[in-house]
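Trainee: First the structure, then my questions, so here it is.
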Amino acid sequence: MNLNQMAATLLRKSNIFLLVCGVAGWLFSFSAVSPAQAGKAESAIEADRFLVEAEEVVTRYTPANNGAGPLWCYGSTVIARQGNDVYLSIIETGKDVPLLCNTRWQLWHRSANGWKIAQSEKEYRQREPCPIATFQEGAVFLSVNPSIEPPGVKYGRCRPLVLEFNPRNPGGAVKTHKPAWADGTYFTDHSYRGFAADGVNGELLLLNINAKTSEQFVSYCDSSGKWAQIGKIEFPIRACYPQVGLRDRAAAVMAIGDIVEPVEEWQKLKFEKLKRKWDYVFRRLFYTFTPDIRTSNFVTPVEVDTVEKTAGHIRNFDLYIDEAGAAHLLYLKRPHQYSFIRDRYFPGQAITAHLEYAVIRDGKVVSRRTLAETGQDSEGLEPSFGRFHISSDGKVWVIAAGTYTDGAGSTFGNYIGRILPGQSRPRFVRIKLKHPFRTFFTNTVRGGSEPSDVIDLFGIADDGPNLRYARIRLKSGK
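Here the sequence shown is numbered in my numbering, starting from 88 and rising by one per residue.
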């Protein structure tokens, strides 16, 4: 090969090399996107799956100053859906009505014509909100707890009842149910009751605390409408705000310990710093169940989690019983509640929040996951509240309130993510609400609403004392 041929060959190879490099660079320019950019692009696409169809103020709330607010019964829902109709239980504060039972229930109904009050209690005889339940093909129910004492009596006796409304005429005649209880009840205006429905089978479950002994008494209504006493649940300590689930006669209860600060040193320090005599702590999370509420008592409660040793705080959020009978639990865990206790007794430890998810089968915790937590890096969702939602295909979603931090800053909002088997954390996507909720209820299956691609939210946002409603639709992914 002469010099001219060698030069020509080298030139051809150089051109091929440059062409290959150019094509590779062109392809790389499309694929070499930072993880943050890719994540934002994916989130933008996924956010379009969650369509906000309604966002509105239902009414305004006047504080009752009786120790309970419109969301006080957070263990049981106050919103339920039947087809295209939505029902809400809201308490109204009576003007100049003496404490503590100075509110009354209102049943609200949202049809195609918007919200209106279907019916209200005649007198102001309630202290707490009145949880709601529904059958998928049947009635709407309210758990009420009217005082049987003269107005102005505090911590007085109450009579828990269940009211039944006809959804075809919610403003019409009301049927009053008298739940059956075991002997030894002492029910007051601090009921800490839990209320649930099996919306498919048409059954109800109601818990109410004995104000003297802290035992949770249990009453069950079968599909024929007959009530039966199911004894009582004795937790290791007083446990309140129960989430109650009922499915195919299997029942489950999650409740949070609610006692006066047991550590004298911490109690003194808190009073010194906060100047507040009220000092209840919520540190131990409990669970119990029965495989068949007709034939078996609730088992001895087990402790699911605790932050007892670090003066922390746990808040129980939600419970779901799946088709296999396993119970899914959602709660918020803060190992340290107060910085001044942390500084003195646990110096150097971070104050963090963790959205925890546990699955319990046959009374034993079979899996645990942290779904979101205070970020140690520059990006992540710091959770503050959460609920489950079950879509029409049976998938389990988590709706969370919290602050998301990334390179652009920090944004408070409501976020949604799906729990996937084998995946440690869901990918949370922000729901495009103008007024994101800080605390909220949902159309939970525990309240009898059927699994749905429509999410109903009711709660308090950034413009209290407004009580807000939002409807979000899950659109199928591509």
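All C-beta atoms in this analysis are idealised placements derived from N, C-alpha and C, irrespective of residue type, glycine included. These numbers come from a predicted model, not from an experiment.
If you follow the beta strand (DSSP E) that arginine 371 is part of, which residue opens it and which one closes it?
Mentor: Note, arginine 371: beta strand (DSSP E), 371-377.
Trainee: In the DSSP output, which residue or residues are listed as bridge partners for threonine 180?
Mentor: In DSSP, threonine 180 forms a bridge with Thr190.
Trainee: Classify glutamine 169 as helix, strand or coil using the three-state DSSP reduction.
Mentor: Looking at glutamine 169 - three-state DSSP - the assignment turns out to be strand.
Trainee: Exposed or buried, what is alanine 557 when buried is set at 16 or more other beta-carbons lying within 10 Å of its beta-carbon?
Mentor: With 16 or more other Cβ atoms within 10 Å, it is buried.
Trainee: Might you give, ordered along the chain, the residues of its own chain that have their beta carbon closer than 6 Å to the beta carbon of serine 536, omitting 5 neighbours on each side?
Mentor: If we look at serine 536 and ignore the five residues flanking it on each side, its Cβ neighbours are Ala167, Arg168 and Asn530.
Trainee: Taking the C-alpha atoms as reference points, what is the distance between tryptophan 484 and isoleucine 506?
Mentor: So the two alpha carbons sit approximately 6 Å from each other.
Trainee: So for valine 231, helix, strand or coil by DSSP?
Mentor: If DSSP states are grouped into helix, strand and coil, valine 231 belongs with the strands.
Trainee: State yes or no: is the C-beta of arginine 512 within less than 8 Å of the C-beta of leucine 458?
Mentor: Yes, Cβ-Cβ distance for arginine 512 and leucine 458 is below 8 Å.
Trainee: So, is glutamine 424 buried or exposed, given that buried needs 16 or more other C-beta atoms within 10 angstroms?
Mentor: Glutamine 424 is buried by the Cβ-count criterion.
Trainee: Expressed to the nearest angstrom, what Euclidean distance is found between the alpha-carbon atoms of glutamate 466 and threonine 492?
Mentor: Answer to the nearest angstrom: the Cα atoms are 5 Å apart.
Trainee: Among residues of its own chain, excluding the 5 on either side of cysteine 245, which ones have a beta-carbon nearer than 7 Å to its beta-carbon?
Mentor: Hits under 7 Å: Asn232, Pro233, Ser234, Ile235, Phe274, Thr275, Asp276 and Ser278.
Trainee: Residues bridged to valine 386 by DSSP?
Mentor: According to DSSP, which records beta bridges pairwise, valine 386 is partnered with nothing at all.
Trainee: Within 10 angstroms of the Cβ of alanine 548, are there 16 or more other Cβ atoms? Answer buried if so, exposed if not.
Mentor: Buried is the call here.
Trainee: Report all residues from its chain with a CB closer than 8 Å to the CB of glycine 239; omit the five preceding and five following residues, and keep chain order.
Mentor: Excluding sequence neighbours, glycine 239 sits near Pro185 and Leu186.
Trainee: If you run the structure through DSSP and keep just helix, strand and coil, what is alanine 134?
Mentor: Alanine 134 falls in the helix class under three-state DSSP.
Trainee: What residue ranges within the stretch 412-483 form continuous beta strand (DSSP E) runs of no fewer than 3 residues, ordered along the chain?
Mentor: Listed in chain order, they are 414-421, 441-448, 451-460 and 467-477.
Trainee: What residues match up with valine 139 in a beta bridge as DSSP calls it?
Mentor: Paired residue(s): Ile559.
Trainee: Note down, in chain order, each residue of its chain lying with its Cβ closer than 6 Å to the Cβ of arginine 455, except the 5 sequence neighbours on either side.
Mentor: Correct list, in chain order: Ala445.
Trainee: With glutamate 469 and glycine 489 assumed to form a contact (beta carbons below 8 Å), what rounded beta-carbon distance in angstroms separates them?
Mentor: Going by Cβ atoms, the distance from glutamate 469 to glycine 489 rounds to 5 Å, so yes, they are a contact pair.
Trainee: The beta strand (DSSP E) with phenylalanine 304 in it runs from where to where?
Mentor: Residues 303-308.
Trainee: Measure the alpha-carbon distance for glutamate 255 versus histidine 441 and round it to whole angstroms.
Mentor: Correcting the residue type first, residue 255 is arginine in the shown sequence and not glutamate. Rounded to whole angstroms, arginine 255 to histidine 441 spans 43 Å at the Cα level.
Trainee: Kindly give me the distance between the Cβ atoms of asparagine 501 and valine 144, rounded to whole angstroms, as I take these residues to be in contact under 8 Å.
Mentor: With 8 Å as the limit, asparagine 501 and valine 144 do not qualify as a contact, their Cβ atoms being about 17 Å apart.
Trainee: What number of angstroms, rounded off, separates the C-alpha of lysine 265 from the C-alpha of glycine 462?
Mentor: Cα to Cα, the separation comes out at about 49 Å.
Trainee: If you count every other CB in all the chains shown that lies within 10 Å of the CB of isoleucine 559, and 16 or more means buried, which is it?
Mentor: Buried is the call here.
Trainee: So for glycine 504, helix, strand or coil by DSSP?
Mentor: Strand, per DSSP.
Trainee: Using DSSP with H/G/I as helix, E/B as strand and the rest coil, what is tryptophan 268?
Mentor: Here tryptophan 268 sits in coil by DSSP.
Trainee: Along the alpha helix (DSSP H) that carries glutamine 354, what are the first and last residues, could you check?
Mentor: Taken as a continuous stretch (DSSP letters only), the alpha helix (DSSP H) holding glutamine 354 covers 351-361.
Trainee: Quick check on DSSP: helix, strand or coil for threonine 529?
Mentor: Here threonine 529 sits in strand by DSSP.
Trainee: I need the DSSP call for threonine 156, collapsed to helix, strand or coil.
Mentor: First, the residue type needs correcting, since residue 156 is glycine and not threonine in the sequence shown. Note: glycine 156 maps to coil in three-state DSSP.
Trainee: In the structure shown, what three-state DSSP assignment does threonine 490 receive?
Mentor: It is a strand residue.
Trainee: Going by C-alpha to C-alpha distance, which of Ala199, Ala337, Arg370 and Ala413 sits closest to valine 350?
Mentor: The shortest Cα separation from valine 350 among Ala199, Ala337, Arg370 and Ala413 belongs to Arg370.
Trainee: In angstroms, rounded to a whole number, what distance separates the CA positions of glutamine 213 and glutamate 302?
Mentor: Roughly 21 Å between the two C-alpha positions.
Trainee: Ignore the nearest five residues each way along the sequence and tell me which others in serine 478's own chain have a CB closer than 8 Å to its CB.
Mentor: Counting only Cβ-Cβ distances below 8 Å, and skipping sequence neighbours, we find Trp484, Pro538, Ser539, Asp540 and Leu561.
Trainee: Terminal residues of the continuous beta strand (DSSP E) containing aspartate 318?
Mentor: Checking the sequence shown, residue 318 turns out to be glycine, not aspartate. Residues 314-320.
Trainee: Based on Cα-Cα distance, which residue from Pro508, Gln510, Gly509 and Arg517 lies nearest to phenylalanine 499?
Mentor: It is Arg517 whose Cα lies nearest to the Cα of phenylalanine 499.
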